[in-house]
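Let me begin by presenting the structure, written as structure tokens, before commenting on it.
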Amino acid sequence: MKRDLLDLLLGIGVLALGLVILGFTFSQAYALAQNPGAFVDSQLPAADQGPQGPASSFDWTSNDYNVTFTDTSQEGDGAIVAHEWTFGDGATSNAPSPTHRYGTTGGFEVRLTVRDADGLSSTSIGQVQIVPTEIRQGGSMPDFTGGFELNLDFSGIILPFAIVFLTFGMYVVMALAGGMITKAGWNLVKPRPETIRVRLKPKDLTQAIEEDAAAVAVSSPPATPHRPPPPPPQG
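The sequence shown: position 24 = 695 (the numbering used here), numbered continuously.
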């Protein structure tokens with residue numbers, strides 16, 4: 672009896688522990704499933720916001736062989752301190768908004784590179800058309816190939832995603848462990864079928880057989896005596 676009571680108390684404790692683990696696991700998993708983006712974002716490293724550089728741009732107007740360039744570049748966090756012009760015919764200039772005279776007609780690719788006080792630079796390009804006796808104008812576009820560097824650093828990404836997968840794996844393991852603990856507790860608490868063992872000795876079996884035979888003999892009806900059939904009538 673004392674052992675059954677201890678098993679019952681132990682089973683209740685184990686069952687309660689398993690239910691607590693399952694409840695905690697499913698509540699955390701449900702909260703995570705409601706807004707997984709916030710959890711993933713919390714694991715990712717913050718973007719390194721360095722100083723913003725300038726954005727180079729310019730406009731041009733051609734009149735005969737003379738071209739006027741106007742700097743329209745936008746400053747970043749630092750002031751623009753240098754301009755580098757290449758006019759496509761071998762000539763250069765460091766003026767912010769220069770003028771240039773071409774010696775021949777045709778198209779020329781002009782580049783403007785601006786640098787700021789932080790050492791950051793930006794380049795833009797424009798196609799200048801020289802047509803005698805005509806006035807033409809145009810603008811520039813960013814040079815996406817100038818100064819482009821590919822720098823991939825996966826060290827700050829692999830670790831956060833590893834933490835995310837390990838967290839999901841931990842929830843799965845906790846759910847399995849909680850289920851096993853709950854099952855073990857229930858096995859200790861649930862009612863057990865009782866088994867009664869009866870041990871019979873040979874003399875008890877003999878006595879039981881004799882008593883059964885006597886009971887059968889008493890309960891059986893008496894046998895009816897056999898009578899011969901009557902003789903046939905005389906003719």
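Cβ atoms here follow ideal geometry from the backbone N, Cα and C, with glycine treated the same way.
Rounded C-alpha distance that separates residue i from residue j
| i | j | result |
| --- | --- | --- |
| G774 | G761 | 11 Å |
| A848 | I683 | 17 Å |
| G797 | A726 | 14 Å |
| G749 | L693 | 56 Å |
| P813 | T776 | 25 Å |
| R786 | S793 | 7 Å |
| R772 | D735 | 9 Å |
| P722 | A788 | 11 Å |
| G778 | G747 | 31 Å |
| G724 | T804 | 39 Å |
| V752 | D730 | 19 Å |
| G759 | N765 | 15 Å |
| L843 | G850 | First, the amino acid is wrong: residue 843 is Val here, not Leu. Approximately 11 Å, taken between the alpha carbons. |
| F695 | F815 | 52 Å |
Cβ shell of residue i (< 8 Å), same chain only, five flanking positions each side left out
| i | result |
| --- | --- |
| F697 | A846 |
| K854 | G689 |
Secondary structure of residue i, DSSP reduced to three states
| i | result |
| --- | --- |
| F779 | strand |
| G684 | helix |
| A848 | helix |
| T757 | strand |
| F740 | strand |
| S727 | coil |
| T696 | helix |
| T732 | strand |
| V843 | helix |
| T804 | coil |
| G809 | strand |
| G797 | strand |
Contact set for residue i: own chain, Cβ-Cβ below 6 Å, skip 5 residues either direction
| i | result |
| --- | --- |
| T732 | T739 and Q808 |
| E755 | T784 |
| S728 | T743, S744, S795 and S811 |
| L791 | G724 |
Beta-carbon contacts of residue i that lie in its chain and below 7 Å, excluding the five residues immediately before and after
| i | result |
| --- | --- |
| S768 | F740, T741 and D742 |
| L737 | Sequence inspection shows Asn at residue 737; the Leu mentioned does not correspond to that position. The residues are T770 and R772. |
| T841 | At residue 841 the sequence reads Met, which differs from the Thr that was named. None. |
Neighbour-count burial assignment, residue i, 16 or more Cβ in a 10 Å radius
| i | result |
| --- | --- |
| V802 | exposed |
| V799 | buried |
| V781 | buried |
| I806 | exposed |
| V691 | exposed |
Integer Cβ distance of residue i from residue j, believed to fall under 8 Å
| i | j | result |
| --- | --- | --- |
| T757 | T763 | 5 Å |
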